[in-house]
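Before any comments, here is the structure.
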Amino acid sequence: MLCPICNGLEQLTAICPVCSLQTDDYGRLEDFAGPYAPYQPDTYTNNETLPSWSQSEQSCGHIVYCSNCVKSFEVSVSKWH
Ligand SMILES: [Zn+2]
Ligand SMILES: [Zn+2]
Numbered sequence: 001m002l003c004p005i006c007n008g009l010e011q012l013t014a015i016c017p018v019c020s021l022q023t024d025d026y027g028r029l030e031d032f033a034g035p036y037a038p039y040q041p042d043t044y045t046n047n048e049t050l051p052s053w054s055q056s057e058q059s060c061g062h063i064v065y066c067s068n069c070v071k072s073f074e075v076s077v078s079k080w081h
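And the structure:
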């Protein structure tokens, strides 16, 4: 199982749920939620509070950013076999 986004096989294209504009790929959720990440949402202080899908074998958690809303969103990317 591999994530096509992490491996550069595909571009992450996600639409902002608020304004429906194209968002920018901001990297992996784990990188943002990691112990040394500069950006650490309050809800992700440790691995136990991560959403179940982010630790799943089937999907990879990514962060996208909407420059229009100035907000970041979580996206679950299905891994390839
Ligand atoms: Zn990934
Ligand atoms: Zn937006």
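Residue 38 in our numbering is what sits at position 38 of the sequence shown, and the numbering runs on without skipping anything.
All C-beta atoms, glycine included, are put in the ideal place defined by N, C-alpha and C.
{"Asked": "In three-state DSSP terms, what is LEU12?", "Found": "coil"}
{"Asked": "Given a cut-off of 7 angstroms on the beta-carbon distance, is the pair TYR65 and ASP24 in contact?", "Found": "yes"}
{"Asked": "Looking only at its chain, what residues have a beta carbon closer than 8 angstroms to the beta carbon of MET1, apart from the 5 residues adjacent to it on each side?", "Found": "GLU57, GLN58, LYS79, TRP80 and HIS81"}
{"Asked": "For GLY8, count neighbouring Cβ atoms within 10 angstroms of its own Cβ and tell me buried if that reaches 16, exposed if not.", "Found": "exposed"}
{"Asked": "Can you give me the C-alpha to C-alpha distance between GLU74 and PRO17, rounded to a whole angstrom?", "Found": "11 angstroms"}
{"Asked": "Any chance the CB of LEU21 is under 6 angstroms from a heavy atom of ligand 2?", "Found": "yes"}
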